[in-house]
Amino acid sequence: MSDLFSFNIKNRLAGSHARVGELLTPHGVLKTPVFIPVGTKATVKALTPEMVEEIGAQAVLANTYHLYLEPGDELIAKAGGLHSFMNWEKPIVTDSGGFQVFSLGAGLGEGVSKVSMKNKENIDKGRCTTSISTPVNINEDGVTFPSFRDGSLHTFTPERSVEIQQNLGADIFFAFDECTSPLAGYDYQKSAAERTHRWAGRCLERHRADKESFRKQLLFGVVQGGRFEDLRRWSARTLAEMSFSGFGIGGSFEKEDIETAVLWVVEELPEDKPRHLLGIGDPKDIFGAVENGIDMFDCVSPTRLGRNGTLYTHSGVINIRNGSFRADLSPVDEECDCYTCRNYSRAYLSHLYRSKEMLGPTLGSIHNLRFLISTVDRIRDSIEKGSFFEFKASFLSKYDKKTK
RNA sequence: GCGUCGGUGGCAGAGCGGUCAAUUGCAGCGGACUGUAAAUCCGCCGUCUUCAAGACUACGGGGGUUCGAAUCCCUCCCGGCGCA
20 MSDLFSFNIK NRLAGSHARV GELLTPHGVL KTPVFIPVGT KATVKALTPE
70 MVEEIGAQAV LANTYHLYLE PGDELIAKAG GLHSFMNWEK PIVTDSGGFQ
120 VFSLGAGLGE GVSKVSMKNK ENIDKGRCTT SISTPVNINE DGVTFPSFRD
170 GSLHTFTPER SVEIQQNLGA DIFFAFDECT SPLAGYDYQK SAAERTHRWA
220 GRCLERHRAD KESFRKQLLF GVVQGGRFED LRRWSARTLA EMSFSGFGIG
270 GSFEKEDIET AVLWVVEELP EDKPRHLLGI GDPKDIFGAV ENGIDMFDCV
320 SPTRLGRNGT LYTHSGVINI RNGSFRADLS PVDEECDCYT CRNYSRAYLS
370 HLYRSKEMLG PTLGSIHNLR FLISTVDRIR DSIEKGSFFE FKASFLSKYD
420 KKTK
């Protein structure tokens, strides 16, 4: 870590791996554990940066693949980097495009997503306007994938991913990895992790080659290994020996594997570096992951659910579009302090969604993001006070009773 | 009054002798969503039956023709338009 960064652990919770820390970046401090909203295309969908800030977000996460395709990382560099381009002066994290190796490749082909559930039905296919027919091609040098816009082919190498992310100029960025399907078998997971390790070395090397960006940007390596304990531990150990400033835990999971996979990895990673659980953000999963030593999260789920009408409440999620909320004049959640809950009723939101007014997704996203961020704030607080387990039990006893 | 076109499921609107309980869209009801191909996608949507299978009632009303009608004929009712 350069002189512009530091990571300090302030508190630890006895009987667990949970900790409270501060990650200092050139654009401010991240108090960990932290939930980072996703703004893939340099915007947290449906929200202005002012809203995102008022919600209490400490950082946002954008995506290399999407921004490279449009409007192009060169343009963003010319604009002075992502912070200035998107008018967000707090910390920014960028993902490497590694997730798209999975989501546009095996994920699409197998119809599975980040977290797969056994016996899952209702697999979506054909939900995009541009049909992508060209398969993602992975080889030692890098990955060729189709543009989500027009299907044209583009190749990312680890070096290219780093260069793009240098142009984007986020405070923290990830090494280019191969995110694997949860359905992949042991041999494939192993060779994919080996390749991810080699790519990790190439990312580090390219990052080091640019002195200025090396000073201003932190590079995190990404642990893979699927659901196999020995692979996860070995992947974590391998990356831990490299000079990363922090670690992402990647891959897709079976729902029930998340906590254990995190625990295996955390036990192998150095204590003094931040750990980011990539793409996880279900409230229930967050409690388990924090307990097992995770410092950072990002997830599309609060904004995607919010846009689609599923809203978090302390007694479980509700679908605001259901007929039962049409005339319900109470707020989405009595205990929530967000802008939406302070000013609007369920009936009003129900009306907005039904009439497809764009304010609906906005208010829903505000609420879900605030719900999650304030929950993580309270988790942090409870770790400092030593009351984490009590908080977890009381939260989940209400939240989980209605949630599957 | 005459002529003409039309009356189809909550709405709009296909169908014009069998493969029609009836295309499609909307509305309605429910579901899914975890490093965003996503303000998206999936399912249901005449009645009865727990599902399936099935049964029943159905294309303005009534009556016919036909093995068989939402589809053809007659008549009545209603609406649009034109002429008086």
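The first sequence begins at 20 in the numbering used here and counts up by one. Ideal Cβ placement from N, Cα and C applies to all residues, glycine included.
The alpha carbon of L43 has as its nearest neighbour, out of S21, F54, A33, the alpha carbon of S21. Taking the C-beta atoms as reference points, D301 is found no nearer than 8 Å to S271. Membership of S25 in the beta strand (DSSP E) is indicated by the continuous run 25 to 31. Ranked by Cα distance from H386, the first of A76, L202, S200, L123 is A76. Exposed is the label assigned to E376, since fewer than 16 other Cβ atoms lie within 10 Å of its Cβ. Beta-bridge analysis with DSSP links M315 to V53, H295. Taking C-alpha positions only, L238 is separated from G267 by approximately 10 Å. V351 is the residue among V131, R373, V351 whose C-alpha sits nearest the C-alpha of I337. With a threshold of 16 other beta carbon atoms within 10 Å, G269 meets it and is buried.
Distance from D276 to R294 at the Cβ level is roughly 17 Å; contact not present, criterion being Cβ atoms closer than 8 Å. In the displayed model, F167 falls within coil according to three-state DSSP, outside both helix and strand.
For N82, the enclosing beta strand (DSSP E) covers residues 79 to 82. DSSP, read as helix, strand or coil, puts T176 in coil. Counting only the Cα atoms, R373 lies some 35 Å from A125.
Under DSSP, T44 takes part in a beta bridge, and its partners are G47.
Judged by their CB atoms, R397 and F410 are nearer to each other than the 8 Å cut-off. Leaving aside the five residues that flank E129 on each side, the residues in its chain whose CB is nearer than 8 Å to its CB run, in chain order, S200, L202.
Three or more Cβ pairs closer than 8 Å define a contact, and the region 318 to 333 meets that threshold against the region 378 to 393. Around the beta carbon of D169, fewer than 16 other beta carbons sit within 10 angstroms, so the residue counts as exposed. In the three-state scheme derived from DSSP, where H, G and I count as helix and E and B as strand, G126 is classed as helix. Under DSSP, L237 forms a beta bridge with I191.
For D352, no alpha helix (DSSP H) segment is defined, and its DSSP state is neither H nor E. Taking each of V281, G58, I305, G379 in turn and checking the Cα distance to A81, the smallest one comes out for G58. When the Cα atoms are used, I74 and K50 turn out to be separated by approximately 15 Å. Within the DSSP secondary-structure output, I337 pairs in a beta bridge with L330. P154 has its alpha-carbon roughly 30 Å from the corresponding atom of E248. By the C-beta density criterion, L368 is buried, having at least 16 other C-beta atoms within 10 angstroms. Closest in C-alpha terms to V395, from the list M70, I183, D317, comes D317.
By the neighbour-count criterion, in which a residue is buried when 16 or more other Cβ atoms sit within 10 angstroms of its Cβ, D304 is buried.
In the structure shown, D114 falls within a strand segment according to DSSP collapsed to helix, strand and coil.
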